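Chemist: Handing you a structure now.
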């Protein structure tokens, strides 16, 4: 899908002009009688919905679980299947609350995020070398268990020659 990129503004000399016409019931109709040198484009729900879909496709945050590493020595690596992840995506991992945390107390939520940040800080690299597979690597420390984090994979702009 290609979004419209040539919207134009209304152009006119001086100020806009309006004509008020009284209706039989005492109400008025307002008509635009401006002399336009260029009539601009309208921007409505279809335009903003298409734009929002395009923006949402650029950034799609997903909850993923980084499994416990199985290697006995560094470097520690794990491959995680992530639907729609592309080798050209810019990848960012971050800690945050997940759906299953909703019933926890404030203190429990704070502790969960603290633990996720601690484990996430042990991850030194995250990359997608094969579409649909995220490879995470730790070169020194090994998280004690699996943990959930958020993956932000943003599509990179591709050069159009």
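In the numbering used here, the protein residues as written are 1 to 161. Virtual Cβ for every residue (Gly too), placed ideally from N, Cα, C. Values in this document were obtained by computation on a predicted structure and should not be read as measured data.
(1) Please report the straight-line C-alpha distance between residue 146 and residue 68, rounded to a whole angstrom.
(2) Use the C-beta contact count for residue 112: other C-beta atoms within 10 angstroms, 16 or more gives buried, fewer gives exposed.
(3) For residue 11, which of helix, strand or coil comes out of DSSP?
(4) Please work out which residues of its chain come closer than 8 Å, Cβ to Cβ, to residue 140, disregarding the five sequence neighbours upstream and downstream, and give them in chain order.
(5) Specify, as a first and last residue, the run of the beta strand (DSSP E) that residue 104 falls within.
(6) Looking only at its own chain, which residues have a Cβ that is under 7 Å from the Cβ of residue 7, when we skip the five neighbours before and after it?
(7) For residue 127, tell me which candidate among 88, 62, 103 has the shortest Cα-Cα distance.
(8) Among the candidates 95, 142, 72, 106, whose CA atom is the shortest distance from the CA of residue 62?
(9) Assuming residue 148 and residue 65 form a contact by the criterion Cβ under 8 Å, report the distance between their Cβ atoms to the nearest whole angstrom.
(10) In whole angstroms, give me the CA-to-CA distance for residue 2 and residue 45.
Modeler: On the basis of the supplied data:
(1) Here residue 146 is taken as the residue at index 146 of the chain shown, counted from 1. Here residue 68 is taken as the residue at index 68 of the chain shown, counted from 1. If I take the Cα positions, the gap works out to 4 Å.
(2) In the chain shown, residue 112 corresponds to position 112, counting from 1. Burial call: buried.
(3) Residue numbering aside, residue 11 sits at position 11 when the chain shown is read from its first letter. Of the three classes helix, strand and coil, the one that applies to residue 11 here is strand, per DSSP.
(4) Residue 140 sits at position 140 when you count from the first residue of the chain shown. The answer, listed in chain order, is 74, 122, 124.
(5) Numbered from 1 along the chain shown, position 104 holds the residue referred to as residue 104. Element bounds for residue 104: n/a, residue is neither H nor E.
(6) Residue 7 sits at position 7 when you count from the first residue of the chain shown. Correct list, in chain order: 41, 43.
(7) Within the chain shown, residue 127 is the residue found at index 127, counting from 1. Nearest in C-alpha terms to residue 127, of all of 88, 62, 103, is 88.
(8) Mapped onto the chain shown, residue 62 falls at position 62. Among 95, 142, 72, 106, the Cα nearest to that of residue 62 belongs to 95.
(9) Along the chain shown, read from residue 1 onward, the residue named residue 148 stands at position 148. Along the chain shown, read from residue 1 onward, the residue named residue 65 stands at position 65. Under the criterion of beta carbons closer than 8 Å, residue 148 and residue 65 qualify as touching, at roughly 5 Å.
(10) Within the chain shown, the letter at position 2 stands for residue 2. Within the chain shown, the letter at position 45 stands for residue 45. Answer to the nearest angstrom: the Cα atoms are 16 Å apart.
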